[in-house]
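Right, one structure below, let's go through it.
Numbering (my numbering), first residue to last: 6 to 304.
As structure tokens, this is what we get:
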């Protein structure tokens with residue numbers, strides 16, 4: 006990239022940031038909902054103005070790369086919602102399902118998500134948003150419900166922090182916006198993998214790094230989203246291969262938790278992130294994990 010191109014990119018980035026800042030400041034705008042993510046979001050965080058955001062804590066939504074802004078807002082003690090962006094949450098090729106609709110309505114118009122419980126079905130397939138006519142022909146699967154693992158029978162609570170695992174890894178590498186380790190005490194870590202469906206070995210290594218940085222054992226609990234089992238841009242997998250991928254990812258996560266944080270309880274296959282239907286998780290809000298009734302209650 007030449008000097009002129011770099012300057013042009015910088016000016017475009019600053020323009021995008023200013024448009025976003027104005028959206029947060031506009032009293033007529035009650036929610037900032039991105040169309041999608043984009044890895045460039047990491048580059049433009051440095052142009053944000055924290056005081057303007059703190060003075061205008063408009064609700065922000067999104068998944069995947071939008072984890073960058075979620076973490077930035079978390080540092081400012083501004084709650085945001087992991088979910089609810091246009092692609093692929095709202096642009097679903099038909100009407101929103103009841104499960105997603107109900108939780109999104111609460112995320113948009115109420116102060117709390119209240120009690121959330123597992124969906125009965127799910128899909129981890131994608132709607133072809135590039136098709137001439139966008140329809141929802143995705144295959145649905147019976148939900149395996151949420152797995153409450155490593156609990157001692159008692160409820161666990163904490164404020165939610167996190168998002169897409171890949172982006173949390175970026176944040177660990179850049180070390181510019183990740184909170185201090187002490188701030189993770191008694192928080193609930195939220196993790197889910199992206200549409201790239203990273204290998205179970207990659208997931209294991211990310212957790213290993215969190216463990217070696219003495220971060221994993223700070224959290225009171227971890228919520229793991231049900232993963233996309235086949236990469237969006239990759240070879241198709243058989244149903245058997247999809248199931249093996251899911252089980253292998255879960256196995257590797259359990260191994261690293263046992264190694265670095267053996268007392269930490271985990272809830273697997275929670276309905277948030279890239280699969281559908283989904284809950285826009287309320288980051289920064291306090292939640293109580295109930296292993297007996299198999300539900301999560303937001304304060």
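Just so it is clear, CB atoms sit at the ideal spot from N, CA and C, and this is done for glycine as well.
- Residue 86 is positioned such that its CB atom lies no closer than 8 angstroms to that of residue 74.
- For the segment 191-271, the full-length beta strand (DSSP E) segments reaching 3 residues or more read 192-197 and 226-230 along the chain.
- Per DSSP, the beta-bridge partners of residue 66 are 86.
- Distances from the CA of residue 220 to each of 231, 76, 138 and 188 were compared; the closest alpha carbon is that of 188.
- Contact holds between the segment 205-225 and the segment 260-275, because three or more Cβ pairs, one in each stretch, are under 8 angstroms apart.
- Per DSSP, residue 295 is one residue of the beta strand (DSSP E) stretching across 291-295.
- Contact between the segment 106-122 and the segment 234-247 is absent, with fewer than three C-beta pairs closer than 8 angstroms.
- Nearest Cα to residue 290 within the set 67, 18, 194 and 133: 194.
- Under DSSP, residue 97 forms no beta bridge with any residue.
- Considering only 228, 275 and 246, the residue with the shortest C-alpha distance to residue 164 is 228.
- Taking a cut-off of 8 angstroms on C-beta distances, the segment 48-56 does not touch the segment 147-157, as fewer than three cross pairs fall below it.
- Within the same chain, Cβ atoms closer than 6 angstroms to the Cβ of residue 279 are found at 200 and 233, the five residues on either side in sequence being excluded.
- With 16 or more other CB atoms across the displayed protein chains lying within 10 angstroms of its CB, residue 274 is buried.
- Beta-bridge annotation (DSSP): residue 275 is paired with 230.
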